[in-house]
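In what follows, a single structure is set out as structure tokens and then discussed.
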Amino acid sequence: MKNPCPLALTAAKGAARLRRAIALEPAMSSSLLAGAFLAALAYTLIPGPAFLALLGIGAGQGRQAGAFFMGGHLAGDILWSALALVAIIGAKTVGTAVFDILGVVCGLYLGWIGWSALRAKPKEDGGALMAVERPLRRGLIFGLTNPKGYPVALATFTALLAGSSDALDFAGLPILLAVSLVGFLTADLVLIAIIGAGFVRRFYRRHERVIVRLSGLLFIGFALQALWHSAPNLFGFRRA
């Protein structure tokens, strides 16, 4: 019998840790928890290098290979999200102005990514599928060496947590990481469930330009969210 899917085991452990964290952690804003979950979900589901790599592996080698790839890539997701949350919480404890500046910078960065996606032109070679002998190791290396992992995680989490920045502190970091882990696992399971379907592969190839541009619109939406919460505060216009 082949090795069990690493995400199935990780999901069970993650759910248990989340229940323990919630039991031990004081009451936390539901909007803050939802923001952490949605940030992790969006970070994984929005098409990017890892998404395209997963699509290629899943299309050529099936769902199990894709699951092992995402299981390895999860290490990078956790690392970059942890660093992003530490940076966000650290900026908040230093002062709200620092957090607002960080939100503006991240909003501009997300806007640049979105604009680049809207202007992107499809590749002409079509990209032949490549067989990966060790998808778990490939995913681990891919996740930990992704040069855009940290800035995208920082920008995405900032955009969705900016509205609850006053409730951020290091005491709540464990539960935020636990909720983020559940978001990552949920997104991974969604992707694994669909990558093996032939119609998905055909649809993606046929509508690649539209998909990429829609993802660009999502990034621009996150950018506007970050700027909406951060920019007015820098000029003294705090909303009630």
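When we follow the numbering used here, the leftmost residue of the sequence shown carries the number 563, and every step to the right adds one.
Beta carbons are placed, not taken as given, at the ideal position from N, Cα and C, and that holds for glycine.
Note that the coordinates shown come from a computational prediction; the quantities given were computed from them, not determined experimentally.
Residue environment, residue i, which counts as buried when at least 16 other CB atoms sit within 10 Å
{"i": "Thr720", "result": "buried"}
{"i": "His769", "result": "exposed"}
{"i": "Phe797", "result": "exposed"}
{"i": "Phe784", "result": "buried"}
{"i": "Asp731", "result": "exposed"}
{"i": "Ala715", "result": "buried"}
{"i": "Phe746", "result": "buried"}
{"i": "Ala679", "result": "buried"}
{"i": "Gly689", "result": "Note that Gly689 scores 47 on pLDDT, short of 50, meaning its location in the model is unreliable; the coordinates nonetheless yield the value given after this. Answer is exposed; the Cβ neighbour count stays below 16."}
Residue j beta carbon less than 7 Å from that of residue i
{"i": "Ile754", "j": "Gly628", "result": "yes"}
{"i": "Thr748", "j": "Tyr605", "result": "no"}
{"i": "Phe631", "j": "Leu616", "result": "yes"}
{"i": "Ala602", "j": "Leu722", "result": "no"}
{"i": "Ile675", "j": "Phe781", "result": "yes"}
{"i": "Val744", "j": "Ala598", "result": "no"}
{"i": "Ala788", "j": "Gly711", "result": "no"}
Endpoints, alpha helix (DSSP H) assigned at residue i
{"i": "Phe719", "result": "Gly711 to Leu723"}
{"i": "Ala596", "result": "Ser592 to Leu607"}
{"i": "Arg700", "result": "Pro697 to Thr707"}
{"i": "Phe746", "result": "Leu735 to Ile757"}
Alpha-carbon spacing of residue i relative to residue j, whole angstroms
{"i": "Phe704", "j": "Leu776", "result": "24 Å"}
{"i": "Gly701", "j": "Ile663", "result": "33 Å"}
{"i": "Phe761", "j": "Ala646", "result": "36 Å"}
{"i": "Val812", "j": "His791", "result": "Outside the modelled stretch of the chain, which goes from 563 to 802, sits residue 812, for which no answer is possible."}
{"i": "Gln623", "j": "Leu607", "result": "20 Å"}
{"i": "Arg771", "j": "Ala733", "result": "43 Å"}
{"i": "Leu779", "j": "Ala637", "result": "28 Å"}
{"i": "Ile757", "j": "Ala644", "result": "27 Å"}
{"i": "Ser591", "j": "Gly620", "result": "38 Å"}
{"i": "Asn795", "j": "Leu735", "result": "24 Å"}
{"i": "Val648", "j": "Ile773", "result": "32 Å"}
{"i": "Leu641", "j": "Gly610", "result": "18 Å"}
{"i": "Asp639", "j": "Ala793", "result": "28 Å"}
{"i": "Leu706", "j": "Arg699", "result": "11 Å"}
{"i": "Leu595", "j": "Leu738", "result": "7 Å"}
{"i": "Trp677", "j": "Tyr671", "result": "10 Å"}
{"i": "Pro697", "j": "Phe613", "result": "14 Å"}
{"i": "Arg681", "j": "Ala759", "result": "29 Å"}
{"i": "Arg764", "j": "Ala659", "result": "48 Å"}
{"i": "Gly652", "j": "Pro713", "result": "16 Å"}
{"i": "Arg767", "j": "Lys683", "result": "13 Å"}
{"i": "Leu786", "j": "Glu695", "result": "41 Å"}
{"i": "Pro588", "j": "Leu751", "result": "Here the model assigns Pro588 a pLDDT of 46, short of 50, so the residue's position is not dependable and the matter cannot be decided."}
{"i": "Ser593", "j": "Gln626", "result": "35 Å"}
Any chain D beta carbon closer than 7 Å to residue i
{"i": "Leu603", "result": "Absent from the structure is chain D; it holds one protein chain and no more."}
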